[in-house]
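**Q**
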Ligand SMILES: [Zn+2]
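Numbering (our numbering), first residue to last: 41 to 408.
1. Check whether the Cβ atoms of residue 117 and residue 132 lie closer than 8 angstroms to each other.
2. How long is the line joining the alpha carbons of residue 295 and residue 349, rounded to whole angstroms?
3. So, residue 213 versus residue 245, is the Cβ gap smaller than 8 angstroms?
4. So, using beta-carbon positions, are residue 79 and residue 251 closer together than 8 angstroms?
5. With respect to the beta strand (DSSP E) encompassing residue 346, which residues constitute its N-terminal and C-terminal limits?
6. According to DSSP, is residue 372 part of a helix, a strand, or is it coil?
7. Whole alpha helix (DSSP H) runs in the region 65 to 96 with 4 or more residues, listed along the chain?
8. Could you give the residue range of the alpha helix (DSSP H) that holds residue 391?
9. Can you grab the Cα-Cα spacing for the pair residue 367 / residue 221, in whole Å?
10. Around the C-beta of residue 136, are 16 or more other C-beta atoms found within 10 angstroms, so that it is buried, or is it exposed?
11. Three-state secondary structure (DSSP) at residue 156?
12. Where do the N-terminal and C-terminal ends of the alpha helix (DSSP H) with residue 202 fall, by residue?
13. Within 10 angstroms of the Cβ of residue 227, are there 16 or more other Cβ atoms? Answer buried if so, exposed if not.
14. List the whole-angstrom C-beta distance separating residue 156 from residue 130, where the pair is believed to meet the contact cut-off of C-beta under 8 angstroms.
15. For the beta strand (DSSP E) that contains residue 284, what are its first and last residues?
16. How long is the line joining the alpha carbons of residue 215 and residue 146, rounded to whole angstroms?
17. Report the three-state DSSP secondary structure of residue 168 (helix, strand or coil).
18. Which residues are close to ligand 1, meaning CB closer than 6 angstroms to any heavy atom, in chain order?
19. So which of 306, 282, 281 has the shortest CA-CA distance to residue 293?
20. Just how far apart, CA to CA, sit residue 249 and residue 390?
This is the structure we're talking about:
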């Protein structure tokens, strides 16, 4: 694709004094709104359709002012409904404006190589892809061929829409536009431009009957977060305390000291047992007592929790043999080539797991 430019801030003026290039996303959005107004009022200018324009963009390369991610529906033609011409819009269309890897790569290309400042995700009324997804969910029938990929991509919007209530097809469309916009905002390579505000991602809905495009705005942009940037000195926190709950602390002590062989660090009869782990602490609380705040806030909880303790991978077999010899019912689960977990219960019913850090792709010490 031709048209690569040196930097984002450089914008060569388009030919033709009537249609100067929008200078930023705000002006680009205004251009789209004005074009849509002309279209729906049936007074289009049909700009940038001349032979001179065609030859100009062929010779100079393309400098579109907006990316439009739209449905492939034949009734939603972006150049027509925004009253634009050659070289104005970089259009990415799939059924149901599904943003997969290739669609996202196309948006990234336009934002990084063509310097486009505005991305519009445009859904539309009576969208067949949204309707097919709702039907598939209702019937439970698998879609033939590759249609299933579209339906899987739209399904999360149905779940979101159900939680919001209202007219389900309309709510699904809105949610799907928002999720598609969020997928674009999550792009690692677009993040620098989104964070400094030189790129905007906006959702919209095109009404097939009236011809009107309503923009949802980009107020929900997760990257426009009011939170301050993370100082590097904070680092990545690591696990220090693992908490479990047991009403019968005597039985818990017999189990954790005797069966697992942990070394007791401290105990408060009736309230807690503290054990040393490799690289951290295991805290076993009596839930009733720990719910009472003392010098530190309450550590409320309940029996029936889960903890996974890190073991050396080569010790898996020895641990299995030891736990079995202690009379425990142990369930093994293999994580492909990454190692195995051993599952069993403590006397309080907590589900314990022993596993090497490699099941999470971590080093033996838990380091990434
Ligand atoms: Zn559609």
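Every residue gets a Cβ at the ideal spot worked out from N, C-alpha and C, and that includes glycine. A quick note: this is a predicted structure, and the numbers were derived from the prediction, not measured.
**A** In this structure, then:
1. Position 77 of the chain shown, counted from the first residue, corresponds to residue 117. Position 92 of the chain shown, counted from the first residue, corresponds to residue 132. The answer is no: Cβ separation not under 8 angstroms.
2. Here residue 295 is taken as the residue at index 255 of the chain shown, counted from 1. Here residue 349 is taken as the residue at index 309 of the chain shown, counted from 1. Distance between the alpha carbons of residue 295 and residue 349: 15 angstroms.
3. One-based indexing of the chain shown puts residue 213 at position 173. One-based indexing of the chain shown puts residue 245 at position 205. Their beta carbons are under 8 angstroms apart, which means residue 213 touches residue 245 by this criterion.
4. Along the chain shown, read from residue 1 onward, the residue named residue 79 stands at position 39. Along the chain shown, read from residue 1 onward, the residue named residue 251 stands at position 211. The answer is yes: Cβ separation under 8 angstroms.
5. Reading the chain shown from its first residue, position 306 is the one you call residue 346. Its beta strand (DSSP E) spans residues 346 to 350.
6. Here residue 372 refers to the residue found at position 332 of the chain shown. Correct three-state label for residue 372: strand.
7. 65 to 80
8. One-based indexing of the chain shown puts residue 391 at position 351. Segment 391 to 395 is the beta strand (DSSP E) holding residue 391; no alpha helix (DSSP H) there.
9. Translated into positions along the chain shown, residue 367 becomes position 327. Translated into positions along the chain shown, residue 221 becomes position 181. Each residue's alpha carbon lies about 54 angstroms from the other.
10. The residue labelled residue 136 in the question sits at position 96 within the chain shown. Buried: at least 16 other Cβ atoms inside 10 Å.
11. Looking up residue 156 in the chain shown gives position 116. In the structure shown, residue 156 sits in coil (DSSP, three-state: anything other than H, G, I, E or B).
12. In the chain shown, counting from the first residue as 1, residue 202 sits at position 162. Unbroken alpha helix (DSSP H) run through residue 202: 187 to 204.
13. On the chain shown, position 187 is the one that residue 227 refers to. Label assigned to residue 227: buried.
14. Here residue 156 refers to the residue found at position 116 when the chain shown is read from its first residue. Here residue 130 refers to the residue found at position 90 when the chain shown is read from its first residue. That belief holds up - the Cβ atoms of residue 156 and residue 130 are roughly 6 angstroms apart, short of 8 angstroms.
15. If you number the chain shown from 1, residue 284 lands on position 244. Segment 281 to 285, the beta strand (DSSP E) holding residue 284.
16. Within the chain shown, residue 215 is the residue found at index 175, counting from 1. Within the chain shown, residue 146 is the residue found at index 106, counting from 1. Answer to the nearest angstrom: the Cα atoms are 22 angstroms apart.
17. In the chain shown, residue 168 corresponds to position 128, counting from 1. Residue 168: helix per DSSP, three-state reduction.
18. 111, 113, 136, 164, 167, 168, 169
19. In the chain shown, the residue the question calls residue 293 occupies position 253. Nearest of 306, 282, 281 to residue 293, Cα basis: 306.
20. Stepping through the chain shown from its first residue, residue 249 is reached at position 209. Stepping through the chain shown from its first residue, residue 390 is reached at position 350. Each residue's alpha carbon lies about 59 angstroms from the other.
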